[in-house]
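For reference, the structure discussed in these notes is given below.
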Amino acid sequence: MTMESEDDCNLFQSIGLSELKAKETLKNKQVSNNLKLAITEADKHGIITPEIGILLYHLASKIKNQIADKSPFIAKYIAEKKLDTIQRVDAGLNYLLNHIKGNVDVPEFEKECGVGVVISPEEIECEVEKVINTHRTEIIEKRYHFNVGPLMQQVRNTLKWADGKAIKNEFDVQMLDLLGPKCDSDLAPQPKPGKQTKTKKPEKEKAQQKNAAVANEKTDVQTISELMKTKVHFHKSGENYKTEGYIVTPNTHKLLQEHLKVTGGKVVTRFPPEPNGILHIGHAKAININFGYAAAHDGVCYLRYDDTNPEKEEEKFFTGIREMVEWLGYKPYKITHSSDYFQQLYEWAIVLIKKGLAYVCHQTSEEIKGFNPPPSPWRNRPIAESLQLFSDMKDGLLEEGEATLRMKVTLEEGKQDPVAYRIKYTPHHRTGDQWCIYPTYDFTHCLCDSIENITHSLCTKEFQSRRSSYYWLCNALDIYCPVQWEYGRLNVSYTVVSKRKIAKLIEEGIVSDWDDPRLFTLTALRRRGFPSEAINNFCAQMGVTGAQAIVHPAVLEACVRDVLNLTTSRHMAVLEPLKITISNFPHENPTKVSVCNFPNEPDKGQHDIVFDEIVYIEASDFKEKAEKDFRRLTLNQSVGLKYVGVVLTVQSIEKDNTGNIINLVVKQESISETKKPKAFIHWVSNPVLASIRLYERLFKHKNPEDPNEVPNGFLSDVNPLSKKEIVGYIDASLANVAKPFDKFQFERIGFFSVDPDTTSGKLVFNRTVTLNEDAGKV
């Protein structure tokens, strides 16, 4: 510890902090500086007692940067014992935060903080007595097991400035007066209702629960609307200055008033994707947070394409992004492009140069790469020279890479002078050859947010290091400054979402395209049959914490099952057909049987199935030599057929030359008390053939990009069994109604979706998920 640190540690201990607490405080530079300032001011107004010291420490740890200059003002009130409780100090800080502009109205401030207000013991006694009498019967019944905590809070809410200890003491006195001293039954712990003996969970179940866990977020919220209304607490529109780290300038309140006139106080958000690839599951979280927060607060959300890199932008990506936003159920308030504002951005770049806050630099991209590049020798070049060179850049007089425009600001991560403009001789998707200089994300993003009057700039955690430059740039140009909020990224294990790596998978022929159902792009999930509602619910369950979540795909699949179980009609299909011939089929012709689409909800419609003398069952539903607990068809055990009320008993087996069973000859009987099967199985008769695609995880390891898990790279980790295509036997009633992207439940098998490859002559189904988590795992 340095001499200065030792002095500060002694100073903090002198106001009542323990040595350990003082050393912990020194680790936080901001709190340490705030506390030293508060102590210096309080010292002017008398002796700092431990009670005053606690309040000064609370002030130092709670005061926000926006009102840090008011710390001496609050410290003086604490030292004079006018703000003598944490509640009063918090009220003072809240008042100052709401009245940043101008001088403090002292009478109003003191009224807001309850300065001089004294709550007498008689008032406390009266209010406690009133509250206890309201619950008197229940208190007498439960005695000291009654929870008086909520009643204390009720009294505190009524007597706002009453001392908390005095309220508690009065409750203790009146409870003793009402109930008398505690007896043995009052001291005995109450048994927990419905407590069950703990049983040791199997290792498999433990593993599944661990995989399903998401960092720091309970998954008790089911929808995005519920999440945004109950769990997310951002600032109110127009109260930007109340958020941590927001910079207040002399013009802030004027700009906020102008902003509120435009927005009408509504929430305004934006989803700003780069149109250079297909959206993936992580983007679904961003879409839901931006559109969902606006929708939950009667606001609006822009879809703004961040089209500042013409080399990688294609029309299919613009279209694909819009389609996926709409597929998830959201309609943009407006569709805009960063390129809409290129002229304004250019003019603001000139303003920065004129203010001496930007300069033209000739260092190459290689020279400024990384976090500790050499400082630019052109940082202090004359303003007029930078203006001329920037104009030359715009007019195409310099080569690509010959010059950039850089801003004079240091990011939180230590990177200095980020690039604002670079030269690219590539025609732009929308502006053609109009521009040969293009702004970077660091320059464009916050300024577009300002132009569109965004109230909440919601982005993933990696952009936290750009927050200071976001605020700096808006304030340097003296324009409205939105608030940036960060949340943790969402990643799913057993996959990759990098555009470059997906392109490599396509190039190597491992997957067919961006929408291959084994990928976790949104187009792939839609093609596989994942309902958009399930994806939205999954995102809701992830919450909006700052922690990065790496989620097991089983969590998403569980959300898919929850939705499909309620929305998909049931049909019969056989994936491993075994022929059954009924020797005593009682009808000359096939018969029709009416079956409910949803067995428990007959009002949701029906469909007809055909029952004939030849039916097909799953090969796994018959065993020549069966284990003791096998409940389906065997040589000595009958089985029931679903929906037709008959029981089948094996009479003989037909095999081919290699010993494979090709036909079972059976006898059918009606179900009766004496002929009641142990199980009922699905079947088809007169089926239609269909191609069935069965999918498993694309990669064998959770983190295919981690060199510790997969030292030879992600391509070496591909699961060769991730896709299997078979011919299935489908009930004809289903074949007649199936259209691409329609979803069905194949009874006892899983949920399936009709693939777009389907034609009039060929049905193709993708298995979306199995009926339960364990089935079909590699």
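Take the position in the sequence shown, starting the count at 1, then add 2; the result is the number in our numbering.
Even for Gly, the Cβ is constructed at its ideal location relative to N, Cα and C.
Asked	Found
Host beta strand (DSSP E) of C598 (start-end)	T593 to C598
Check whether A286 and I537 have beta carbons under 9 angstroms apart	yes
Cα-Cα separation between L161 and K606, rounded to whole angstroms	58 angstroms
Short Cβ contact (9 angstroms threshold) for V562 with P519	no
Cα-Cα separation between Y618 and F236, rounded to whole angstroms	59 angstroms
Where the beta strand (DSSP E) through R769 begins and ends	L765 to T772
Enclosing alpha helix (DSSP H) for R468 [first to last residue]	Per DSSP, R468 belongs to no alpha helix (DSSP H) and is neither H nor E.
Cα-Cα separation between F600 and I732, rounded to whole angstroms	18 angstroms
Euclidean distance between Cα positions of A734 and L521	31 angstroms
The stretch 370-386 touching the stretch 434-450, judged by at least three CB pairs closer than 8 angstroms	no
Sufficient close CB pairs (3 or more, under 8 angstroms) joining the stretch 313-330 to the stretch 343-357	no
L558 vs I283 beta-carbon contact at 9 angstroms	yes
Same chain, Cβ closer than 8 angstroms to E207, five either side skipped, listed in chain order	Bear in mind that the predicted position of E207 carries a pLDDT of just 45, short of 50, making it too unreliable to give a figure here.
Neighbour-count burial assignment, T497, 16 or more Cβ in a 10 Å radius	buried
Top-ranked residue by Cα proximity to W437, from S452, G398 and K463	G398
N1 - containing beta strand (DSSP E), residue span	Outside the shown range of the chain (3 to 780) lies residue 1, about which nothing can therefore be said.
Same chain, Cβ closer than 7 angstroms to V652, neighbours up to 5 away in sequence not counted	L635, L637, L666 and V668
Three-way DSSP call (helix, strand, coil) for E328 in this model	helix
Cβ pair count under 8 angstroms reaching 3, the stretch 755-772 against the stretch 581-594	no
The stretch 95-108 contacting the stretch 130-137, beta-carbon criterion three pairs below 8 angstroms	no
Three-pair Cβ contact test at 8 angstroms for the stretch 568-575 versus the stretch 653-662	no
A575 - partner residues in DSSP beta bridges	I732
Three-state secondary structure assigned by DSSP to K212	The predicted model places K212 with a pLDDT of 41, which falls under 50 and marks its position as unreliable; any figure quoted below should be read in that light. Looking at K212 - three-state DSSP - the assignment turns out to be helix.
Continuous beta strand (DSSP E) stretch holding T254: start and end	Run containing T254: none in the beta strand (DSSP E); it sits in the alpha helix (DSSP H), T254 to T265.
Assigned secondary structure, A551 (DSSP; H/G/I helix, E/B strand, else coil)	strand
Closest by C-alpha distance to K144, when choosing among Y473, D564, C185 and L229	C185
Per DSSP, cross-strand counterpart(s) of W487	L460
Given P429 as reference, the closest of A740, M544, I439 and V597 once Cα atoms are compared	I439
Reduced DSSP secondary structure (H/G/I, E/B, other) of V421	strand
DSSP bridge partner residues for N665 (one or two, in chain order)	E656
Contacts around I69, its chain only, beta-carbon distance under 8 angstroms, and the 5 residues preceding and following it disregarded	L95, L98, L99 and I102
9 angstroms Cβ cutoff met for R306 and T265	no
K426 versus E402 - alpha carbon distance	6 angstroms
C-beta atoms of I291 and Y489 nearer than 9 angstroms	yes
Of the listed residues S693, A168 and F173, nearest to P152 (C-alpha basis)	F173
As assigned by DSSP and simplified to three states, the class of Y697	strand
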